[in-house]
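Protein sequences appear in the order of chains A and B. First residue of the first sequence: 0, per numbering that gives the first Met the number 0; consecutive thereafter. First residue of the second sequence: 0, per numbering that gives the first Met the number 0; consecutive thereafter. Built from N, CA and C at the ideal position, the CB exists for glycine as well. The structure appears below as structure tokens.
Number of protein chains: 2
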Amino acid sequence: MRADAQRNATRLRVAAAELFRVRGLQVSVKEIARHAGVSHGTLYNLFGSREGLMDEVIADLAAARLGEAARKALACADPWRGFSGYVSEVCELQATDPALGDVLTRRFPDASRLMAVCDNSFAAAESIIDRARRDGSLRADFTAADLLFFLASHAPLARSAAAAGSGSWRRAVGFMLDGLRAPAATPLPADPMTPQEINHLLIEGSAAAAG
Amino acid sequence: MRADAQRNATRLRVAAAELFRVRGLQVSVKEIARHAGVSHGTLYNLFGSREGLMDEVIADLAAARLGEAARKALACADPWRGFSGYVSEVCELQATDPALGDVLTRRFPDASRLMAVCDNSFAAAESIIDRARRDGSLRADFTAADLLFFLASHAPLARSAAAAGSGSWRRAVGFMLDGLRAPAATPLPADPMTPQEINHLLIEGSAAAAG
DNA sequence: AGCTAAGCTGACCCTGCGGTCAACTTGTGC
DNA sequence: GCACAAGTTGACCGCAGGGTCAGCTTAGCT
Numbered sequence: 000m001r002a003d004a005q006r007n008a009t010r011l012r013v014a015a016a017e018l019f020r021v022r023g024l025q026v027s028v029k030e031i032a033r034h035a036g037v038s039h040g041t042l043y044n045l046f047g048s049r050e051g052l053m054d055e056v057i058a059d060l061a062a063a064r065l066g067e068a069a070r071k072a073l074a075c076a077d078p079w080r081g082f083s084g085y086v087s088e089v090c091e092l093q094a095t096d097p098a099l100g101d102v103l104t105r106r107f108p109d110a111s112r113l114m115a116v117c118d119n120s121f122a123a124a125e126s127i128i129d130r131a132r133r134d135g136s137l138r139a140d141f142t143a144a145d146l147l148f149f150l151a152s153h154a155p156l157a158r159s160a161a162a163a164g165s166g167s168w169r170r171a172v173g174f175m176l177d178g179l180r181a182p183a184a185t186p187l188p189a190d191p192m193t194p195q196e197i198n199h200l201l202i203e204g205s206a207a208a209a210g
Numbered sequence: 000m001r002a003d004a005q006r007n008a009t010r011l012r013v014a015a016a017e018l019f020r021v022r023g024l025q026v027s028v029k030e031i032a033r034h035a036g037v038s039h040g041t042l043y044n045l046f047g048s049r050e051g052l053m054d055e056v057i058a059d060l061a062a063a064r065l066g067e068a069a070r071k072a073l074a075c076a077d078p079w080r081g082f083s084g085y086v087s088e089v090c091e092l093q094a095t096d097p098a099l100g101d102v103l104t105r106r107f108p109d110a111s112r113l114m115a116v117c118d119n120s121f122a123a124a125e126s127i128i129d130r131a132r133r134d135g136s137l138r139a140d141f142t143a144a145d146l147l148f149f150l151a152s153h154a155p156l157a158r159s160a161a162a163a164g165s166g167s168w169r170r171a172v173g174f175m176l177d178g179l180r181a182p183a184a185t186p187l188p189a190d191p192m193t194p195q196e197i198n199h200l201l202i203e204g205s206a207a208a209a210g
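Structure below.
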């Protein structure tokens, strides 16, 4: 790869990271290129597609952040504190870094590495949830799909709130967590989703929101 | 107004009602006109804007549905059942009639009558919430702004789920309600939003989602 | 039947999106 | 310093959205 191409790739990565972080993964390809000071054609040359760029710029970062949150949760002696801390932390990430919210909610099914991160994260969430359920602190009927549903619902407004300088989205997380403690549980009105169902739902949901 | 204009207005109203109901308020003006079998120019002639059409087609219907739900809630002898039934019913409306979700979440700030419906609905929710809080069944720190935040978060995914034939969104409502009973309450990590804040948030939020 | 204004149409304006590619520029090895 | 491949560019494609308006059609009165 020639030196100028290298330079442009770096510029694009930097610009994309910046824009993804503040505006989410849906920023337009041309805008990223503009921000990087190169033609959008160059972006296609170097990365092939927006998904390619996303995979390069976001995947490792997202995996690290989400992995760290999961690690902390499982390292916590109290399973409930581990679980609730995990939920809070992931919500915090969603609120302060829109790109991470987009990863978790599968808004870009064509970004294969991001989808893998999402899968890993789902598996980690299952462990965290299982542990807290076995402990008897988390209600028995709560599933990882429920968590994903909550996170996906919550992300957009939390993002807006955080962008407006408000921490009010934390209240919603608080209400939710209070409803997830085992003693608070009352029978649920519907069967749990399978992982397939929730994944379809998220992907369909982003398509509907976009179109 | 000439007879043909009358006829076209009716056609447009019918087509808009249909499309709004199944696809939400964001359907394009041209698509409504196509569906009605008239030129989109005619739509502008007769209604001035999409907002004008929305106000004519949706406002009364939304007011009736939401008003009825509120009436039932306040008529219920048990304030908690009134409140929880209200939340469930509004969520049901959001899931099955995307247009109503869009009304409540202020996605179209320029539709003045819709915004009025939204304001009335907020006031009704305050009554329902107040009653349940005074009763001691609903946690004391829950506000109408919190409800609106929840409804707005919940609407998009509930819509997708319902469209896919799933009732799984009801689970999320169940978790939330379990967290709202007074005995489940633990201190919240943030101050409540003012009505102004939540309104700004919703409007900003839809703008962000659209752009 | 004829006239006129009310109403309708769709071509046209703009924007912005993703994406492609011929023509140009420039880095780099010789 | 030169040749050529590697890389860059921005005009261009198609699409879809909101919105406007000159010019045509037709309802409806006389």
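query: Between the CA atoms of alanine 2/B and arginine 70/B - distance to the nearest angstrom; result: 39 Å
query: The segment 141-154 of chain B touching the segment 110-130 of chain B, judged by at least three CB pairs closer than 8 Å; result: yes
query: Nonlocal neighbours in the same chain, by C-beta distance under 6 Å from alanine 120/A, ignoring five residues either side; result: According to the sequence provided, residue 120/A is serine. The question's alanine does not apply to it. Leu65.
query: First through last residue of the alpha helix (DSSP H) which encompasses aspartate 129/A; result: 111-133
query: Leucine 11/A (DSSP reduced to helix, strand or coil); result: helix
query: Closer than 8 Å to chain A by CB, threonine 185/B; result: yes
query: CA-to-CA distance, alanine 63/A to alanine 181/B, given in whole angstroms; result: 38 Å
query: Neighbouring residues, chain B, relative to phenylalanine 149/A (Cβ below 8 Å); result: Ala171, Phe174
query: Where arginine 20/B falls: helix, strand or coil (DSSP); result: helix
query: Of the listed residues Leu103/B, Ala61/B, Leu137/B, Ala98/B, nearest to glycine 81/B (C-alpha basis); result: Leu137/B
query: CA nearest to the CA of leucine 200/B, picked from Ile57/A, Leu103/A, Trp168/A; result: Trp168/A
query: Outcome for valine 227/A when other beta-carbon atoms lying within 10 angstroms are tallied against a minimum of 16; result: Residue 227/A lies beyond the stretch modelled for chain A, which goes from 0 to 210, so this question has no answer here.
query: Beta-carbon proximity check, serine 159/A vs alanine 72/B, cutoff 8 Å; result: no
query: Min CB distance arginine 180/B to chain A below 8 Å; result: yes
query: N-terminal and C-terminal residue of the alpha helix (DSSP H) that glycine 234/A is part of; result: The first residue shown for chain A is 0 and the last is 210, placing residue 234/A beyond what the model contains.
query: Coil, strand or helix - leucine 137/B by DSSP; result: strand
query: Beta-carbon proximity of valine 28/A to leucine 176/A, cut-off 8 Å; result: no
query: Cβ shell of alanine 139/A (< 6 Å), same chain only, five flanking positions each side left out; result: Arg132
query: Expected contact under 8 Å - CB spacing of serine 205/B and threonine 104/B to nearest Å; result: 7 Å
query: Rounded C-alpha distance that separates alanine 94/A from asparagine 198/B; result: 18 Å
query: CB-CB length for alanine 76/A against leucine 113/A, believed under 8 Å; result: 32 Å between Cβ atoms; not a contact.
query: CB of leucine 179/B within 8 Å of CB of phenylalanine 148/A, strictly; result: no
query: Cβ-Cβ separation, leucine 52/B to alanine 211/B (assumed contact under 8 Å), whole Å; result: With chain B covering 0 to 210 only, the question about residue 211/B has no answer from this structure.
query: Bridge-paired residues (DSSP) for arginine 180/B; result: Leu137/B
query: Backbone CA spacing between histidine 34/B and glycine 23/B [nearest angstrom]; result: 15 Å
query: Residue-chain proximity (glutamate 196/A, chain B), Cβ-Cβ < 8 Å; result: yes
query: For leucine 18/A and alanine 32/A, believed in contact at Cβ under 8 Å, the rounded distance; result: Not a contact, Cβ separation roughly 10 Å.
query: Exposed unless 16 or more other CB atoms sit within 10 angstroms - verdict on arginine 49/A; result: buried
query: Top-ranked residue by Cα proximity to alanine 189/A, from Pro194/B, Ala184/B, Ala209/B, Ser165/B; result: Ser165/B
query: Own chain partners of alanine 4/B with C-beta closer than 7 Å, once the 5 adjacent residues on each side are dropped; result: Leu45
query: CB of proline 78/A within 8 Å of CB of aspartate 134/A, strictly; result: yes
query: Contacting residues, own chain, Cβ-Cβ under 8 Å from threonine 193/B (five flanking each side not counted); result: Ala144
query: Cβ distance (whole Å) where valine 89/B is taken to contact leucine 156/B below 8 Å; result: Contact doesn't hold; Cβ gap of about 15 Å is too wide.
query: Status (buried if at least 16 other CB within 10 Å, exposed otherwise) for lysine 100/A; result: Position check: residue 100/A holds glycine in this sequence, whereas lysine was assumed. That one is buried.
query: Span of the alpha helix (DSSP H) around phenylalanine 46/B; result: 39-46
query: Arginine 226/A in three-state terms, based on DSSP; result: This structure does not reach residue 226/A, given that chain A is present from 0 up to 210, and the question cannot be answered.
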